[in-house]
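2 protein chains.
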Amino acid sequence: MSIEHDRTPPTISEVAEAAGVGRATVARTLGGYGSVSPRTRDRILAVARELGYRPNSLARSMTTGETRTLGVVLADVGNPFFVGVLRGLGEAARSAGYDVLVLSTDEDRNREAAAIDVLVGKQVDGIVLSPAAGRSDVVPHLDIVAKRAIPLVLLDRLVDTVEADAVVINNREASRQAVAALIARGHRRVGFVWGPVTNEPAADATDLRRIIDHALWSDGERLLGYLDALEEAGIPFDTSLVTHVLKHEPQATRAVLGMLALSDPPTAIFATETDALTGTLRAIRQRGLRCPDDISLIGFDDSSWASVMEPPISVVAQPVHQLGTLAAECLLARIAGSDSPASTHVLEANLIERQSVAEPSTLTR
Amino acid sequence: MSIEHDRTPPTISEVAEAAGVGRATVARTLGGYGSVSPRTRDRILAVARELGYRPNSLARSMTTGETRTLGVVLADVGNPFFVGVLRGLGEAARSAGYDVLVLSTDEDRNREAAAIDVLVGKQVDGIVLSPAAGRSDVVPHLDIVAKRAIPLVLLDRLVDTVEADAVVINNREASRQAVAALIARGHRRVGFVWGPVTNEPAADATDLRRIIDHALWSDGERLLGYLDALEEAGIPFDTSLVTHVLKHEPQATRAVLGMLALSDPPTAIFATETDALTGTLRAIRQRGLRCPDDISLIGFDDSSWASVMEPPISVVAQPVHQLGTLAAECLLARIAGSDSPASTHVLEANLIERQSVAEPSTLTR
DNA sequence: GTGAAAGCGCTAACAG
DNA sequence: CTGTTAGCGCTTTCAC
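Sequences listed follow chains A and B, in order.
Counted from 1, the first sequence has number 120 at position 121 by numbering that gives the first Met the number 0; the numbering is strictly sequential.
Counted from 1, the second sequence has number 75 at position 76 by numbering that gives the first Met the number 0; the numbering is strictly sequential.
Have a look at this one:
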């Protein structure tokens, strides 16, 4: 059996001819539908194997109208959070017989629009999207998916103007808990590392609410949770304790360094994403500060390294895997025809307390 | 302009009719080939936009035979190494106008075979594969891609029996350097954390070579580099210093704990993957050992957290991004028709020395 | 510069 | 149980 380069793969017709039967019979056999007599079935199967026949899913999709493929549009495929979600999503999809086509946008709305176009063009059966839009922004490039009634599930971020199923976590409450834990230990100046990206810091709390309206829902919620905790404790909001930098690690380091240089620096920091956490840690190390003796710290998104750090770092852990599987299940249900009204599923993130939090040192106080 | 659920999207025919021209003209306009008079062109474009026309890439692919999609089959989409590679790969593909379909195998050969089948069925224009096969294993499920002459690039791992372009790292030399660096500091007992998975440890060096033959190429090379370094220094090989456990973090921790309990424990450890490193760190912490005072450590794959650890950890850094872009470029070149003989590209990984290595303590010596 | 017609590989009605 | 036929939406000759 020599391997020859047969540039024209065998089709159903060829199998049919070689087996001496009609095309439909072969299609039924290979497609596993309809009924075929065992005898011819076996012969067809044998011939198909012999010829190295593989179904052409493109052709199949053309006629059936379904591709058994889920499109996923994520902000950043490098972010451990999304990586975790993707694993859950992929597993759930695969076990339902679906493949997953992943596109990354780097939070760029044009790329998001392009990604949606690609997915629509490829006729995916449904789309999971973690939108790069603020909570009250309008997202015109989703019109096409609404118009074509392509099942859509929003992931991790809500958008007021989009009516679709959504799977998110209780960012606000989780954030509030984390900050409250800090306050409970006696901290009154808590830095918040990834506030919404803006050109200049919020003028005041009211201005902040306006900013939050155009920030990613998840970012806004985390900030709101922070404000909640402050308010509960009667601590006035200080704009200089919230960063508004681009979400890259070096930016976080610089911003934290800035906070630390304040005349009245934070005694604790809440870093709301993985890169914010490593960036913050770097700043702390650069200043020669020790955690938790000199400064307390809580991160977001659990990871193996966070628990093996010295000290082990307290984090708000998101159920990433479950987030992914749930998103897939939601979408699959829609694809299967469910027409219940759009609903938002809220999963719980929980604070995992380790050893990065202590009382504020009397020195820095 | 109300959004109606138009379950049958506009086709070229409909645009043609609405614009009062023939289908071919519309196809030429929308497809951007052939030539069309500016006037009709504009009218068609206007009508197409009005109708919300989107090309159906499935139909297009059916006739052209190309999908402008690259298939990628990876062992583990959760591994930071592959995540990094994927980013590079995705960027390169995207900028060439290709999409990427990623499938994960978890090192399971059956799933790998299934993944290949999916990709072949979906008519991807080329495949990047990081095979779950040992260096001298045979991979029957690749016959079909050879037979159909589907461009293939091996990623990170070589397989003797597969003739295809490949993009890998100089694992052996990088590993040798790392171990040599440890030895240069005076270590003579160096633990090696992720040796090939086997049921029982190698009986001797010869037995080990046999094992390496059926191990993943990259794993084998790293182990060979370790042996090289030992040999250079005239240090006898001790099988109890190489793990053969499954590649999951807890396994690494347990294995290292075992080594540490030896009557003559290692004074340094070389952890050849991210999870091996965190697992090793955990074992070190559990034993209450301090790095580098009590035990030295070198990891594999750089990461932000490794450099922010206390102490910052020395690692062998792989050019992950470049690995990805190069793989994409290779594949794209083949797709474009290059027929130069298959070649293997070897990229360099380099040791980044930080502060996790010191002289062995006189105590544990 | 433009249109008519064939066909990519498959499924789905419908006959037989 | 099996074969014939008609498309799916697009590109691509090939005439006009």
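Glycine included, every Cβ here is placed at the ideal spot set by N, Cα and C.
None of these values were measured; they are calculated from a predicted model.
Check	Outcome
Residue-level contact to chain A via CB, T277 of chain B, 8 Å cutoff	yes
L116 of chain A versus D212 of chain B - alpha carbon distance	Strictly speaking, residue 116 of chain A in this sequence is Asp, with Leu absent from that position. Each residue's alpha carbon lies about 46 Å from the other.
Simplified DSSP assignment, three categories, for I11 of chain B	helix
Buried or exposed by the 16-neighbour rule on C-beta atoms within 10 Å, applied to V345 of chain A	exposed
Proximal residues of chain B, C-beta to C-beta of R253 of chain A below 8 Å	Under the 8 Å cutoff, chain B gives no residues; its nearest Cβ is about 15 Å from R253 of chain A.
Rounded Cβ spacing between V14 of chain A and T39 of chain A (contact assumed at less than 8 Å)	In fact, because the Cβ distance is near 12 Å, the residues do not count as touching under 8 Å.
Reduced DSSP category for T197 of chain B - H, G, I as helix; E, B as strand; rest coil	coil
Listed by chain order, chain A residues near D98 of chain B by CB distance under 8 Å	L100, L102, V117, K121
Cα-Cα separation, T160 of chain A to V138 of chain A	8 Å
Selected residue, minimal CA-CA separation from G323 of chain A, among A:P79, A:E352, A:I312	A:P79
Three-way DSSP call (helix, strand, coil) for D73 of chain A in this model	The question names Asp, yet the displayed sequence has Leu at residue 73 of chain A. Three-state result, L73 of chain A: strand.
Contact residues within the region 292-321 of chain B, judged by C-beta distance below 7 Å to chain A	S303, W304, V307, M308, E309
Under 7 Å (Cβ pairs) to chain A, residues found in the region 130-153 of chain B	D142, I143, A145, K146, R147, A148
Straight-line gap, L73 of chain B to L102 of chain B (C-alpha atoms, nearest Å)	6 Å
Contiguous alpha helix (DSSP H) assignments of at least 4 residues, all confined to the region 231-280 of chain A	248-259
Residues near T242 of chain B in its chain [Cβ-Cβ closer than 6 Å; skip 5 each side]	V192, G194, A254
Residues of the region 40-65 of chain B with Cβ closer than 8 Å to any Cβ of chain A, in chain order	G51, R53, P54, N55, S56, L57, A58, S60, M61
Test: R353 of chain B CB closer than 8 Å to a CB of chain A	no
Length of the line joining the Cα atoms of L240 of chain B and G287 of chain B	20 Å
Below-8 Å beta-carbon distance, G77 of chain B vs any chain A residue	yes
Exposure label - D292 of chain A; buried when at least 16 CB within 10 Å	exposed
Under 8 Å between C-beta atoms of A348 of chain A and A316 of chain A	yes
Coarse secondary structure for N349 of chain A, derived from DSSP in three states	strand
Cutoff 8 Å: G70 of chain B Cβ touching any chain A Cβ	no
Listed by chain order, chain B residues near E248 of chain A by CB distance under 9 Å	S303
Buried or exposed by the 16-neighbour rule on C-beta atoms within 10 Å, applied to Y52 of chain B	buried
Helix, strand or coil at G125 of chain A [DSSP, three-state]	strand
Residues that R86 of chain B contacts on chain A, provided the C-beta gap is smaller than 7 Å	V76, G77
Range covered by the beta strand (DSSP E) that runs through V167 of chain B	164-168
Beta carbon of A341 of chain B nearer than 8 Å to that of D227 of chain B	no
Secondary structure of I294 of chain A, DSSP reduced to three states	coil
Minimum length 3: unbroken beta strand (DSSP E) runs contained in the region 101-149 of chain A	125-128
Nearest residue (CA-CA) to K121 of chain B, options A:P37, A:G219, A:R67	A:R67
Short CB-CB distance (under 8 Å) between R156 of chain B and chain A	no
Option nearest N109 of chain B by Cα separation, candidates B:Q176, B:D98, B:L141	B:L141
Coarse secondary structure for I2 of chain B, derived from DSSP in three states	Low confidence applies to I2 of chain B: its pLDDT is 44, below 50, so where it sits in the model is not reliable, and the reading given next is rough at best. Looking at I2 of chain B - three-state DSSP - the assignment turns out to be coil, as it is neither helix nor strand.
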